[in-house]
Amino acid sequence: MRATDLSELAAFDAVARHRSFRKAAEERGVTASAISHAVSNLEERIGLRLLNRTTRSVSLTDAGTMLQAHLTPAFGEIGSALDALNRFRDTPFGKVRINVPNSVAPFILGRVMGPLIRDNPNLQLEISATDRLVDIVEEGFDAGIRLGESLREGMVAVKIGPRLRFAVVGAPDYFRERSIPQTPHELKDHVCVQNTYPSGVRYPWEFEHSGEAVAFHPNGPIALDDQELMVQVALSGVALAYVWENRAQREIIDGRLIRCLDEWCPPEDWFYLYYPSRRNISAGLRAVIEAMRV
């Protein structure tokens, strides 16, 4: 097989997976016109239309569907063969892009970034810390970090530490005229910050104790998607906040915040580093995995 044949097949495979010439071009590091030209050459050479194109969408013909079904395992085998070469690399190198929720990034990555770079001087870490939902494949990340092991098909998950938990906190000024809640059910009598995702969707304060699980939905006057701001609101004395324990630990220790419902806040599920199983695992990504693995 000629190199041009393989390049055209790879271009078609990228378009078929993304259903987009632009995204395929970004993945391949070429222009959209180059991808279009390669696919057109392939169709002309085999005498079959593989893709239906409109100005707004791309879909597979029956022939295209059949070809992709054969190409997917073939390219997977090629990727595995190339990945095996990493065993012969002694020093991780190159860029590793990782997506991690902003609210936990310091607690998950803070302990490993320095040692990783010190021990692997040819490694480059690019961290994107955001709480919005990210498709790591579509946006070109090597790996992502999420709470829990519920991942879509085709992903590999590796358990990482530390295991975190939430805390309900309020300022001493807040409690001068209010009693400290002893159960989550008493929170209905308090002013509580509403926690939101960047999309605007609100999520409840979740508690568990002695087999009883409680999901409390605050209706306070302020809704936030940033834990730094949640802590600041709590420090102001106007409301209680539900934040990661690590984020409020310093304020709790020095007495600027009072923790409530401690026994109702068990450790959350483990965090996992996940990555596409069909992608070549570089020596750099392998070094990151080993540094973070529990």
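For what it's worth, my numbering labels the leading residue of the sequence shown as 1, then goes sequentially. Glycine included, every Cβ here is placed at the ideal spot set by N, Cα and C. None of the values given here were measured: they were computed from a predicted structure.
Output the distance between the C-alpha atoms of residue i and residue j, rounded to the nearest integer angstrom.
i, j, result
"I136", "G144", "6 Å"
"I253", "R163", "20 Å"
"H185", "G76", "52 Å"
"E138", "G29", "14 Å"
"A10", "I78", "11 Å"
"V134", "R176", "42 Å"
"R45", "V39", "10 Å"
"D119", "C265", "37 Å"
"R178", "G255", "17 Å"
"Y274", "E26", "22 Å"
"N41", "E8", "8 Å"
"S80", "L229", "45 Å"
"A129", "M113", "14 Å"
"A241", "A234", "6 Å"
"L125", "A34", "30 Å"
Just to confirm, is the Cβ distance from residue i to residue j under 8 Å?
i, j, result
"L224", "G170", "no"
"G237", "D173", "yes"
"L51", "L60", "yes"
"V156", "S277", "yes"
"H217", "P204", "yes"
"F271", "L147", "yes"
"E97", "D142", "The residue asked about is misnamed: residue 97 is Arg in this sequence, not Glu. Cβ atoms of R97 and D142: closer than 8 Å."
"C192", "A248", "no"
"L116", "V294", "no"
"V201", "F207", "no"
"Q227", "W244", "yes"
"L67", "P92", "no"
"I222", "D83", "no"
"I180", "M292", "no"
"Q194", "G220", "yes"
"E290", "H209", "no"
Which class does residue i belong to by DSSP, given the choice of helix, strand or coil?
i, result
"R118", "helix"
"F216", "strand"
"F175", "helix"
"I252", "helix"
"G170", "strand"
"H190", "coil"
"S57", "coil"
"I160", "strand"
"T65", "helix"
"T196", "strand"
"R28", "helix"
"A239", "coil"
"L224", "strand"
"R286", "helix"
"L133", "coil"
"R293", "strand"
"I78", "helix"
"L71", "helix"
"L50", "coil"
Considering just the uninterrupted stretch of the beta strand (DSSP E) at residue i, what are its terminal residues?
i, result
"P276", "271-276"
"V96", "94-100"
"I258", "258-260"
"W264", "Taken as a continuous stretch (DSSP letters only), W264 belongs to no beta strand (DSSP E), as it is neither H nor E."
"H185", "First-last for H185: undefined, no H or E at that position."
Under DSSP, the alpha helix (DSSP H) around residue i begins and ends at which residues?
i, result
"L42", "32-46"
"F141", "Counting along the chain, F141 falls outside any alpha helix (DSSP H), and DSSP gives it neither H nor E."
"S125", "Correcting the residue type first, residue 125 is Leu in the shown sequence and not Ser. Segment 123-129 is the beta strand (DSSP E) holding L125; no alpha helix (DSSP H) there."
"P106", "105-109"
Can you find the residues in the same chain that come closer than 6 Å, C-beta to C-beta, to residue i, ignoring five residues on each side of it along the sequence?
i, result
"P101", "D131"
"H18", "A24"
"R259", "A167, V169, I252"
"G94", "G284"
"P267", "R163, R165"
Counting only the same chain and skipping the five closest in sequence on each side, list residues whose C-beta sits under 7 Å from that of residue i.
i, result
"L48", "A63"
"E43", "R49, L50"
"S103", "D131, Q227, W244"
Give every residue of the same chain whose Cβ lies closer than 8 Å to the Cβ of residue i, excluding the five residues on either side of it in the sequence, and list them in chain order.
i, result
"V58", "V15, R19, S20, F21, L51, N52"
"S36", "F21"
"T31", "A25"
Using a Cβ cut-off of 8 Å (strictly closer), state whether residue i contacts chain D.
i, result
"E126", "Absent from the structure: chain D. Only one protein chain is present."
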